[in-house]
Amino acid sequence: MKKIINNPETVVQDSLRGFAAAHADLVEVHFDPDYVVRAQPLPPGTVAVVSGGGSGHEPLHAGFVGTGMLAAACPGAVFTSPTPDQIHAATMAVNAGAGVLYLVKNYTGDVLNFETAAELAAAEGVEVASVVIDDDVAVQDSLYTAGRRGVGGTVLIEKIVGAAAERGDDLAACAELARRVNSQVRSMGMALTSCVVPHVGRPTFELGDDEMEIGIGIHGEPGRERLPVEAADQIVARLLEPILADLPFTEGDRTLLFVNGMGGTPLIELYLAYGIAERFLAERGIQVHRRLVGNYITSLEMQGMSITLLRLDDELISLWDAPVHTPALRWGV
Amino acid sequence: MKKIINNPETVVQDSLRGFAAAHADLVEVHFDPDYVVRAQPLPPGTVAVVSGGGSGHEPLHAGFVGTGMLAAACPGAVFTSPTPDQIHAATMAVNAGAGVLYLVKNYTGDVLNFETAAELAAAEGVEVASVVIDDDVAVQDSLYTAGRRGVGGTVLIEKIVGAAAERGDDLAACAELARRVNSQVRSMGMALTSCVVPHVGRPTFELGDDEMEIGIGIHGEPGRERLPVEAADQIVARLLEPILADLPFTEGDRTLLFVNGMGGTPLIELYLAYGIAERFLAERGIQVHRRLVGNYITSLEMQGMSITLLRLDDELISLWDAPVHTPALRWGV
Amino acid sequence: MAIDADALRRAIDAYADVVAEQRDYLVDLDRAIGDADHGVNLDRGMRAAREAAASGSTPAEVLKGVATALISKVGGAAGPLYGTAFLRAATAVTGKQTLEATDVVAALRAARDGIVARGKAELGDKTMVDAWTPAVEAAEQAAQQGATVAQILAAAADAAEQGMRDTIPMVARKGRASYLGERSAGHQDPGATSTAFLLRTLADRAAAECPAP
Amino acid sequence: MAIDADALRRAIDAYADVVAEQRDYLVDLDRAIGDADHGVNLDRGMRAAREAAASGSTPAEVLKGVATALISKVGGAAGPLYGTAFLRAATAVTGKQTLEATDVVAALRAARDGIVARGKAELGDKTMVDAWTPAVEAAEQAAQQGATVAQILAAAADAAEQGMRDTIPMVARKGRASYLGERSAGHQDPGATSTAFLLRTLADRAAAECPAP
Ligand SMILES: Nc1ncnc2c1ncn2[C@@H]1O[C@H](COP(=O)(O)OP(=O)(O)O)[C@@H](O)[C@H]1O
Ligand SMILES: Nc1ncnc2c1ncn2[C@@H]1O[C@H](COP(=O)(O)OP(=O)(O)O)[C@@H](O)[C@H]1O
Ligand SMILES: [Mg+2]
Ligand SMILES: [Mg+2]
Ligand SMILES: [Mg+2]
Ligand SMILES: [Mg+2]
């Protein structure tokens with residue numbers, strides 16, 4: 000295993016320490032239990048949007064804490080959902096009197112731990128709503144699985160719902176918006192290499208020199224299909240076709256196209272894929288009105304990418320465009 | 000070789016096409032010869048800051064074209080300096096009557112090609128100044144080499160000099176500032192893995208499973224020393240010690256600390272290294288006043304990082320803080 | 000013979016040792032069909048549980064301490080599931096100073112019901128439920144036939160191990176392994192495995208604490 | 000016998016073929032002590048040069064077309080260096096319809112001087128200069144002894160090949176290989192190698208165009 004770390008057991012805390020030092024103007028990091036909040040408290044009476052999940056997906060979620068996006072993030076161990084005490088501590092720290100919205104990626108562990116935290120908060124009289132994000136079309140038979148995973152759509156939902164909270168929407172409206180965005184967003188990912196979980200020290204799955212894995216999640220879970228590596232044109236089509244078919248997206252739709260790197264794929268490839276994806280959509284009459292290209296929801300050093308497509312309307316566009324000031328996303332400020 | 004590409008021969012152009020589509024509001028990409036300019040022309044009478052170099056270092060340089068930074072970038076083939084006709088075309092496209100400043104990383108190829116381009120511009124009556132950037136302390140005997148390479152410092156110089164041009168400094172002042180920043184900045188890099196040049200298809204150098212390379216450049220050149228992989232504490236010390244000794248940086252210095260990923264190293268590791276580096280400096284009385292953490296000058300999918308330290312003064316701080324709006328760096332706008 | 004708080008504490012210690020030893024094995028099982036963290040998560044949790052179990056003067060208090068430690072230290076799916084299991088088991092035996100055969104069966108049943116309530120997995124979904132359910136049934140049957148605590152736990156452990164092996168051919172329908180679809184078949188479920196380890200450890204400790212005459 | 004524009008064109012064609020064939024070999028040499036692009040860069044440049052050389056009615060025009068193509072297509076260090084070499088060679092023979100022995104020597108010397116003027120490398124720095132300088136000297140010596148164009152170019156090619164081999168033990172002091180310090184020793188310089196290929200190709204073509212009686 001090759002990583003710039005001191006000790007596999009302390010990677011998450013060691014990294015959070017550096018994150019805290021690098022962004023002291025924007026965030027405050029608490030340890031034991033670990034959670035990240037904004038450096039400036041929320042304006043009283045605004046909804047606190049809280050998310051969290053296993054670490055190893057940086058900048059998700061801590062990198063999205065700040066004005067116009069998350070109020071707090073709860074980083075678990077690598078690829079392990081956070082525990083209820085982390086979530087509860089974050090909840091109590093950021094509650095500004097208007098309730099707390101949990102944005103939970105759909106993994107059994109995340110759902111169960113956020114559920115427990117919500118019970119703890121309710122016991123202390125804090126109003127909590129939870130929305131489960133499940134945008135991954137790679138998981139086909141929701142009936143026979145834990146359901147679709149929450150992947151790239153999470154970034155978009157955190158941005159859009161964060162903007163709604165910032166403008167003063169109440170808890171019910173924020174939760175309803177989160178559900179609405181979740182219903183309009185679809186994603187699919189692929190990997191060229193596995194990642195290496197620090198305490199494991201070996202690749203989570205083995206891929207041959209000429210193989211790729213289609214339909215991966217963000218935890219180094221193998222995907223549903225292993226194929227010979229193909230040209231970027233084919234790879235993009237393999238990701239976009241199921242995305243379009245699923246919602247379905249149709250001619251005339253206005254969309255946000257998000258090409259996301261898994262952590263080890265450089266921008267030169269992501270932009271290349273973005274260009275192909277935008278042309279693929281244009282040929283089908285689907286308009287790209289907003290875009291995001293980069294490493295935003297990753298899987299450690301995995302090489303690969305995911306594509307996320309969100310159907311936009313005027314409200315979503317204006318919430319996407321609203322100012323945001325976080326370590327990883329910033330505009331309008 | 001595993002990459003999301005169609006054809007090794009057209010990677011640069013294919014990627015530029017996606018870059019153009021993703022950032023049409025900010026940049027305009029021209030092909031054959033290839034160069035990137037701002038979507039909005041420079042205000043007449045302002046100096047045009049132009050840079051360029053081999054591709055494979057994204058977001059450098061094209062990602063830094065925009066208000067408050069570069070006027071144009073000239074992307075060469077992968078790891079190959081651009082040709083004079085590219086540079087000349089960019090020069091003529093962005094010249095706003097106040098002259099053009101070339102920021103050239105110190106590689107024989109870059110220096111020679113920019114030199115030729117400067118001769119072409121002079122022949123057409125365009126005033127050009129060139130500043131060669133050479134911040135890499137890994138190259139020790141400048142007398143017996145092509146001299147120090149231009150690496151991480153390039154990003155900082157492009158930002159700071161871009162801000163000076165934006166506020167209306169003249170060509171001589173911009174060039175002088177570039178030389179001054181270059182004299183105050185030092186960098187050093189290391190790799191955990193090699194990169195794979197697309198048309199080569201194999202790693203540029205071979206590293207054992209437990210080896211790292213210290214003192215690498217950004218073109219997959221092997222470094223000066225191969226060592227067993229060490230803990231992050233030791234790696235950071237190996238990069239920072241020669242940096243501090245070289246300028247030298249001393250107690251009380253105010254600095255900008257830039258921890259840069261080589262393309263395949265995820266943020267979780269870069270933040271971890273950043274935390275160590277900031278503590279290392281604090282123990283020596285060196286204050287970090289500004290910081291940058293992320294993948295900004297890369298070497299394709301190489302895993303590794305570089306550290307850059309810039310000694311600041313009030314003017315450099317205010318130029319660093321000045322608004323910038325480019326695909327890869329954005330604040331104050 | 001019955002189990003008191005100290006005997007239970009020793010059993011928790013023993014399970015923490017087993018999890019530490021089997022940590023990499025559990026990681027490997029999870030690497031094949033999950034995200035390679037089950038052993039690490041449980042090991043982190045059981046180290047905390049060992050400390051939490053140090054205080055507590057009744058079996059219920061010991062079990063509650065373990066539950067709280069697991070809930071706050073494990074994370075992932077296994078944390079809330081095992082945490083709930085120990086919490087429900089604690090509730091099932093509240094007030095008792097020692098656990099008799101019927102208490103042990105009640106605790107096991109409550110634990111299993113807690114896991115099902117939280118995780119909603121059914122038999123055959125390739126989860127820890129596939130070890131827990133046969134274990135509880137075997138324990139109930141043994142108790143009906145007048146078995147000792149040690150015999151009851153041994154029967155439960157045998158059944159859990161069989162249930163664990165039975166997960167190998169199954170196609171997962173719950174948890175992370177379900178994303179693999181058909182490709183999850185051929186691998187043993189990590190949670191069913193750590194469950195079998197738990198019940199085997201309890202049986203071994205019971206046999207050691209209450210040696211057959 | 001002398002070389003006219005058409006003969007020169009055929010030689011440029013032949014060199015483009017050689018570079019295409021040797022592309023991966025040149026990349027490999029550059030991979031060891033540089034950035035693995037020399038073969039690709041030169042191949043891209045020679046493909047353009049082949050087209051550029053198609054027009055041009057004097058040797059100088061052909062050489063100038065090649066120079067322009069190399070400057071605008073190769074990039075890297077080799078682009079401006081080879082470009083300058085061809086440009087200076089063109090200037091050295093401007094106005095001639097055919098190249099006699101003295102013209103060939105003058106063109107070679109001008110090419111070499113252009114490379115040194117641009118790149119400032121000295122003999123022993125482990126660059127293409129280590130092939131060019133002995134080649135020019137050997138050509139001059141052969142010319143003094145009354146050799147034919149073919150003989151002059153053969154002598155230059157022999158010397159360039161020797162110079163190319165001599166770069167192997169050298170420690171680089173110019174170009175990208177210099178960053179490696181001592182580690183650059185033991186590898187043959189890519190630019191010296193492509194130079195030796197160039198001169199050997201010219202020699203072979205001259206021999207074919209002007210067969211010994
Ligand atoms: N819904 C569920 N009900 C019961 N057990 C489950 C469920 N989901 C997962 N599990 C169990 O949890 C185990 C995985 O635990 P662990 O690896 O710690 O969590 P995670 O999957 O979050 O990484 C699986 O092997 C399975 O036995
Ligand atoms: N200063 C110099 N003078 C003469 N030749 C040089 C000089 N620097 C480099 N070279 C030659 O250029 C060759 C490398 O060319 P190439 O790989 O195309 O360029 P780059 O090093 O920019 O990638 C070297 O092998 C060497 O022969
Ligand atoms: Mg997990
Ligand atoms: Mg090069
Ligand atoms: Mg797991
Ligand atoms: Mg080269």
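Protein chains in written order, with numbering that gives the first Met the number 0: chain A, 0 to 332; chain B, 0 to 332; chain C, 0 to 212; chain D, 0 to 212.
Quick reminder that beta carbons are idealized off the backbone N, C-alpha and C, glycines included.
Query: Per-residue burial, proline 43/B [other beta carbons within 10 Å of its own, 16 or more giving buried]; Result: exposed
Query: Interface residues of chain G facing glycine 64/C [CB-CB closer than 7 Å]; Result: The displayed structure is made up of protein chains A, B, C and D, and chain G is not among them.
Query: Minimum Cβ-Cβ distance from isoleucine 267/A to chain B less than 8 Å; Result: yes
Query: Chain D contacts from the stretch 70-95 of chain B (Cβ-Cβ distance under 9 Å); Result: Gly75, Ala76, Val77, Phe78, Thr79, Ser80, Pro81, Thr82, Pro83, Asp84, Gln85
Query: Test: asparagine 259/A CB closer than 8 Å to a CB of chain C; Result: no
Query: Euclidean distance between Cα positions of glutamine 143/C and glutamine 150/C; Result: 12 Å
Query: Best match in Met304/B, Thr107/B, His288/B, Gln302/B for proximity to arginine 310/B [C-alpha to C-alpha]; Result: His288/B
Query: Glycine 98/B vs serine 80/B beta-carbon contact at 8 Å; Result: no
Query: Beta-carbon proximity of glycine 262/B to methionine 211/B, cut-off 8 Å; Result: no
Query: For alanine 177/A and leucine 299/B, the rounded distance between their alpha carbons; Result: 36 Å
Query: Glutamate 184/B to leucine 243/B span [Cα, whole Å]; Result: Residue 184/B is actually valine in this sequence, not glutamate. Cα to Cα, the separation comes out at about 10 Å.
Query: Per-residue DSSP class, three states only, for phenylalanine 279/B; Result: helix
Query: Endpoints, the alpha helix (DSSP H) within which histidine 37/C is located; Result: 37-51
Query: Leucine 271/A and alanine 231/A closer than 8 Å at C-beta; Result: yes
Query: Proximity test, asparagine 105/B beta-carbon vs ligand 2 heavy atom, cut-off 7 Å; Result: no
Query: Closer than 7 Å: glycine 124/A CB and nearest ligand 5 heavy atom; Result: no
Query: CB contact below 8 Å: glycine 55/C versus chain A; Result: no
Query: Buried/exposed call for arginine 283/B, threshold 16 Cβ in 10 Å; Result: exposed
Query: Alpha-carbon spacing of arginine 106/A relative to cysteine 173/A, whole angstroms; Result: It should be pointed out that residue 106/A corresponds to tyrosine in this sequence rather than to arginine. Spanning the two alpha carbons is a distance of roughly 22 Å.
Query: Under 8 Å from the C-beta of glycine 219/B: neighbouring residues of chain D; Result: Asp34, Ala35
Query: CB contact check: valine 135/D to chain B, cutoff 8 Å; Result: no
Query: Proximal residues, the stretch 194-205 of chain B versus chain D, C-beta separation under 7 Å; Result: Val196, His198, Val199, Thr203
Query: Minimum Cβ-Cβ distance from glutamate 8/A to chain B less than 8 Å; Result: no
Query: Contacting residues, own chain, Cβ-Cβ under 8 Å from valine 49/A (five flanking each side not counted); Result: Leu69, Ala70, Ala71, Ala72, Cys73, Ile86, Ala89, Thr90, Val93, Val99, Leu100, Tyr101, Leu102
Query: Under 5 Å, CB to nearest heavy atom of ligand 6: contacting residues; Result: Asp29/D, Gly33/D, Asp34/D, Asp36/D, His37/D
Query: Phenylalanine 257/A, enclosing beta strand (DSSP E) - first and last residue; Result: 253-260
Query: Near ligand 4: threonine 115/A beta-carbon under 7 Å from a heavy atom; Result: no
Query: CB contact check: asparagine 105/B to chain D, cutoff 8 Å; Result: no
Query: Contact list for alanine 230/A against chain B, beta-carbon separation under 8 Å; Result: Ile4, Asn5, Asn6
Query: Short CB-CB distance (under 8 Å) between alanine 145/B and chain D; Result: yes
Query: Alanine 88/D Cβ short of 7 Å to ligand 2 heavy atom set; Result: no
Query: Nearest-angstrom beta carbon gap, methionine 163/D and glutamine 187/D [assumed within contact, 8 Å]; Result: 6 Å
Query: Inter-residue Cα distance where the pair is arginine 16/A and leucine 308/B; Result: 20 Å
Query: At least 3 beta-carbon pairs within less than 8 Å: the stretch 242-257 of chain A vs the stretch 215-228 of chain A; Result: no
Query: Assigned secondary structure, glutamine 21/C (DSSP; H/G/I helix, E/B strand, else coil); Result: helix
Query: Leucine 144/B beta carbon near ligand 4 (any heavy atom closer than 7 Å); Result: The residue you asked about is not leucine; residue 144/B is threonine in the sequence shown. Answer for threonine 144/B: no, Cβ out of range of ligand 4.
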